[in-house]
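Colleague: Per numbering that gives the first Met the number 0: the sequence shown = residues 0 to 217. The C-beta atom is built at its ideal place from N, Cα and C for all residues, glycine as well. Please read these numbers as outputs of a predicted model, since none were measured by experiment.
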Amino acid sequence: MATLEEIQLKFGQILQLQMVQQDQSRLYARLIGYLVDQAVVVTMPATADHSLPVDEGEALVCRGFTGRTAFGFQTRLTKAVQTPFPHLYLTYPREVESVVVRKSARLTIQRQAALLKNTEQGEQREPATVVDISASGSCATARAGFAAVKESLTLLLPARTAEEAEIRLGVIVRSARVSDPGAAQGALCQYGMEFADLTAEQKQAIEKLLQEQLASNL
């Protein structure tokens, strides 16, 4: 266990909010600041209809990932404020549960995706399944022979909900290992890929994916 001060969150830190009593999609907000033993202040999570997604008094689980630490704590919405901009006041947590992970820890994931590469005939698209991901790279299973080591590709993660946007990440293939040569649809290969030339927005998208996977540890 730790305290919020010990976690040393930075202003602007992405936080994941999930309602305790309802099985709903996770919401994302940014940390505005906090006052010890008083409150945690975050931006209003965005929703498709711009409505307030949480009722005052509702219990929440707040999770995040910063540096090498995944953290989570229970809180409650005390006040929603619309001016001078929409933001929320949450109760200050007495304790924070945290898990330290390796800098490039690979987290198991199963997500449908696609690998894209540019050819003389145009963009070529290959269905793939992402099987693990870290802050620095990912591994995906796709048709053997689609890509070669050191080749540059784009990893496409389609949106899963109306609120999400698709994620495109530049990658460089660092390894290619045939994993199922007897598959009915042809030989499959596990491509180990390193992220390359990521924008700040893309890094934030990866951070959200890591938060979701690390949530089971908290």
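(1) For Glu-206, I'd like the list of residues in its chain whose CB is within less than 7 angstroms of its CB, leaving aside the five on either flank, ordered along the chain.
(2) Run the CB neighbour count on Ser-174, radius 10 Å, all protein chains shown included, and call it buried at 16 or more, exposed below.
(3) Cα separation between Gly-56 and Tyr-88?
(4) Which of the three DSSP states, helix, strand or coil, is assigned to Ala-183?
(5) Determine, for Ala-113, whether the minimum Cβ-Cβ distance to residues of chain C falls below 9 angstroms.
(6) Answer yes or no: do Leu-209 and Ala-45 have a C-beta to C-beta separation smaller than 9 angstroms?
(7) Whose C-alpha, out of Glu-96, Gln-120, Ala-127, is nearest the C-alpha of Thr-2?
(8) Say whether the segment 146-158 touches the segment 74-88, bearing in mind that this needs 3 or more beta-carbon pairs closer than 8 angstroms, one atom from each stretch.
(9) From Gly-136 to Met-192, what does the alpha carbon distance come to, in whole angstroms?
(10) Around the C-beta of Met-0, are 16 or more other C-beta atoms found within 10 angstroms, so that it is buried, or is it exposed?
(11) How about Pro-126 and Ala-113: do their beta carbons lie closer than 9 angstroms?
(12) Label Pro-92 either buried or exposed according to how many other C-beta atoms from any shown protein chain fall within 10 Å of its C-beta, with 16 as the threshold for buried.
(13) What's the gap between the Cα of Met-18 and the Cα of Glu-94?
(14) Taking DSSP as the reference, what is the three-state secondary structure of Gln-109?
(15) State the beta-bridge partners of Tyr-91 as determined by DSSP.
(16) Please list, in chain order, all residues of the same chain as Gln-73 whose beta carbon is under 8 angstroms from its beta carbon, the five residues on each side excluded.
Modeller: On the basis of the supplied data:
(1) Here residue 206 is taken as the residue at index 207 of the sequence shown, counted from 1. The residues are Ile-13, Phe-64.
(2) Residue numbering aside, residue 174 sits at position 175 when the sequence shown is read from its first letter. With fewer than 16 Cβ atoms within 10 Å of its Cβ, Ser-174 is classed as exposed.
(3) Here residue 56 is taken as the residue at index 57 of the sequence shown, counted from 1. Here residue 88 is taken as the residue at index 89 of the sequence shown, counted from 1. Cα-Cα distance, rounded: 11 angstroms.
(4) Taking the sequence shown and counting its residues from 1, one reaches residue 183 at position 184. Its pLDDT being 49, under 50, Ala-183 is placed unreliably in this model, and the coordinates cannot settle the point.
(5) This model lacks chain C altogether; it includes just one protein chain.
(6) Counted from its first residue, the sequence shown places residue 209 at position 210. Counted from its first residue, the sequence shown places residue 45 at position 46. Cβ atoms of Leu-209 and Ala-45: not closer than 9 angstroms.
(7) Locating residue 2 in the sequence shown gives position 3, counting from the first residue. Measuring from the Cα of Thr-2, the nearest candidate turns out to be Glu-96.
(8) no
(9) On the sequence shown, residue 136 is found 137 positions in, with the first residue counted as 1. On the sequence shown, residue 192 is found 193 positions in, with the first residue counted as 1. Looking at the two C-alpha atoms, the distance is approximately 5 angstroms.
(10) The residue given as residue 0 occupies position 1 in the sequence shown. Classification for Met-0: exposed.
(11) By 1-based counting over the sequence shown, the position of residue 126 is 127. By 1-based counting over the sequence shown, the position of residue 113 is 114. Cβ distance < 9 angstroms, so Pro-126 and Ala-113 count as in contact.
(12) On the sequence shown, position 93 is the one that residue 92 refers to. With 16 or more Cβ atoms within 10 Å of its Cβ, Pro-92 is classed as buried.
(13) The residue you call residue 18 lines up with position 19 of the sequence shown. The residue you call residue 94 lines up with position 95 of the sequence shown. Roughly 18 angstroms between the two C-alpha positions.
(14) As a first step, residue 109 must be located in the sequence shown, where it is residue number 110. Strand, per DSSP.
(15) Position 92 of the sequence shown, counting from 1, holds the residue named residue 91. None, per the DSSP bridge assignment.
(16) Stepping through the sequence shown from its first residue, residue 73 is reached at position 74. Closer than 8 angstroms at Cβ, skipping near neighbours: Val-19, Ala-58, Leu-59, Val-60, Cys-61, Pro-92.
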